[in-house]
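Student: Read left to right, the first sequence gives residues 1114 to 1463 (the numbering used here). Where is the CB? At the ideal position from N, CA and C, for every residue including glycine.
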Amino acid sequence: MPAPRTPVTDTLLAWYDANARTLPWRSPPGAPPPDPYRVWLSEIMLQQTTVAAVRPYYARFTARWPDIAALAAAGEAEIMAAWAGLGYYARARNLHACAQAVTRDHGRRFPESEEELRRLPGIGAYTAAAIAAIAFGEPATAVDANVERVVARLFAIATPLPGGKSEIRVRADELTPPGRAGDFAQAMMDLGSAICTPRDPDCGRCPLEDDCAAAASGDPAVFPVKPARKAKPVRRGAAFWLDHAGEVLLVRRPPWGMLGGMRALPCDDWCAARSGEAAAPVEADWAACGTVSHVFTHFALELDVHSARLLTRPAIDGEWWKIEEIGEAGLPTLFAKAAALARVRQEEMA
DNA sequence: TATCCGTGGAC
DNA sequence: TGTCCAAGGAT
1114 MPAPRTPVTD TLLAWYDANA RTLPWRSPPG APPPDPYRVW LSEIMLQQTT VAAVRPYYAR
1174 FTARWPDIAA LAAAGEAEIM AAWAGLGYYA RARNLHACAQ AVTRDHGRRF PESEEELRRL
1234 PGIGAYTAAA IAAIAFGEPA TAVDANVERV VARLFAIATP LPGGKSEIRV RADELTPPGR
1294 AGDFAQAMMD LGSAICTPRD PDCGRCPLED DCAAAASGDP AVFPVKPARK AKPVRRGAAF
1354 WLDHAGEVLL VRRPPWGMLG GMRALPCDDW CAARSGEAAA PVEADWAACG TVSHVFTHFA
1414 LELDVHSARL LTRPAIDGEW WKIEEIGEAG LPTLFAKAAA LARVRQEEMA
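#1: Could you give the C-beta distance for A1326 and A1269, rounded to a whole number, given that I count them as a contact under 8 Å?
#2: Buried or exposed, going by whether 16 or more other CB atoms sit within 10 Å of the CB of V1408?
#3: Suppose the cutoff is 6 Å on Cβ atoms and the five residues either side in sequence are ignored; what does the same chain contact list for L1159 look like?
#4: Considering only DSSP beta bridges, list what C1380 is partnered with.
#5: Fully enclosed by the stretch 1403-1427, which alpha helix (DSSP H) runs are 4 residues long or longer?
#6: Does DSSP put L1125 in a helix, in a strand, or in coil?
#7: With K1450 as the anchor, note down where its beta strand (DSSP E) starts and where it stops.
#8: What are the uninterrupted segments assigned as beta strand (DSSP E) that are 3 or more residues long and contained completely in the stretch 1299-1381, given in chain order?
#9: Hey, Y1202 and G1374 are a contact pair by Cβ (cut 8 Å); roughly how many whole angstroms apart?
#10: Check whether the Cβ atoms of C1309 and R1266 lie closer than 8 Å to each other.
#11: Return the first residue and the last residue of the alpha helix (DSSP H) that W1477 is part of.
#12: Taking 7 Å as the limit between beta carbons, can you name the residues of its chain near D1313, skipping five residues before and five after?
#13: With a 10 Å radius around its C-beta and 16 neighbouring C-beta atoms as the bar for buried, classify W1369 as buried or exposed.
#14: Going by Cα to Cα distance, which pick from D1315, D1303, E1229, I1192 is closest to T1163?
#15: Following the continuous beta strand (DSSP E) through W1433, name the residue where it begins and the one where it ends.
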């Protein structure tokens, strides 16, 4: 008589008990859950962002702001600057807004239910479920790209995304063990990260291979089915490095749109048909420094960088920043690249 | 539902 | 070099 088949969930949890990654924001399987503040912070940082990219930011944030009250008391500008380089900057503004909401409306403690968490700024369906399950042991199912991929393969769900999400959600709910929802979510992520990868999944090492319809099909990588991507348009713009007495002019971008709320070099609207069209912030003897190429999510940018040095400081809106301390200005990567180019050019001129 | 929103690493 | 895509959310 054949032995009863171990349910997929138990197989996965047993694998996780033996193979869980050690991460700074995570407790080992079976241990008491981590500080909800740290779970929340890590989940926000990890949205569409790799573990390797998050690590140093997580370390700096937790050292500088060790709890929710400290973060709520911080200025939005310093949080934005500390976030510089990590991308998706609306997350940083929402981070501050969420810290203030928890401090103001919830007595400095995160609400424990998925429903209440979902109402906080920057916390969507996935993050609410992840925090509820991981930090509070609630029976919530966090469906991220890893879970979508693993579940789509387990059941060979051929409906292209995003249409297939509803079926994936149902299946993921059915697999979630109410008593270990947090470990289940993290197990799915570890499996998706190390074994059930987007390309060339390593089925030979997968604890769920015998249960997986996609593995049985012989070509598991076709799941989940995704629509074709659109081509990225290329845009062109101009940025201006204006310095005087060892300081450079920086501006604050408007809170909405690209790089919203971040410090930046003065620039045009990136809609130039060709280089040399943009109006400079002041009259000066502008020199061309070169062009920065930068790829965003839905377009590529060719940014022409110009520099000028003034003998007298003009009356102009902005912030004069010590050039030697430009690294602490919190420039997003695009402008950090432009600044580096302008400084190289300056060295050549000197 | 579709679009906007960054960045860097892997292949 | 180009392509894909990573613990998504807001609108």
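Tutor: Result, derived from the coordinates:
#1: 4 Å
#2: exposed
#3: V1167.
#4: A1352
#5: If we require 4 residues or more, the stretch 1403-1427 turns out to have no alpha helix (DSSP H) run fully inside it.
#6: helix
#7: That residue, K1450, is in no beta strand (DSSP E); its alpha helix (DSSP H) goes 1446-1462.
#8: Qualifying beta strand (DSSP E) stretches, in chain order: 1347-1357, 1360-1365.
#9: Taking 8 Å as the upper bound for CB-CB distance, Y1202 and G1374 are in contact here, some 6 Å apart.
#10: yes
#11: With the chain running from 1114 to 1463 in the structure shown, residue 1477 is simply not present.
#12: A1334
#13: exposed
#14: D1303
#15: 1432-1435
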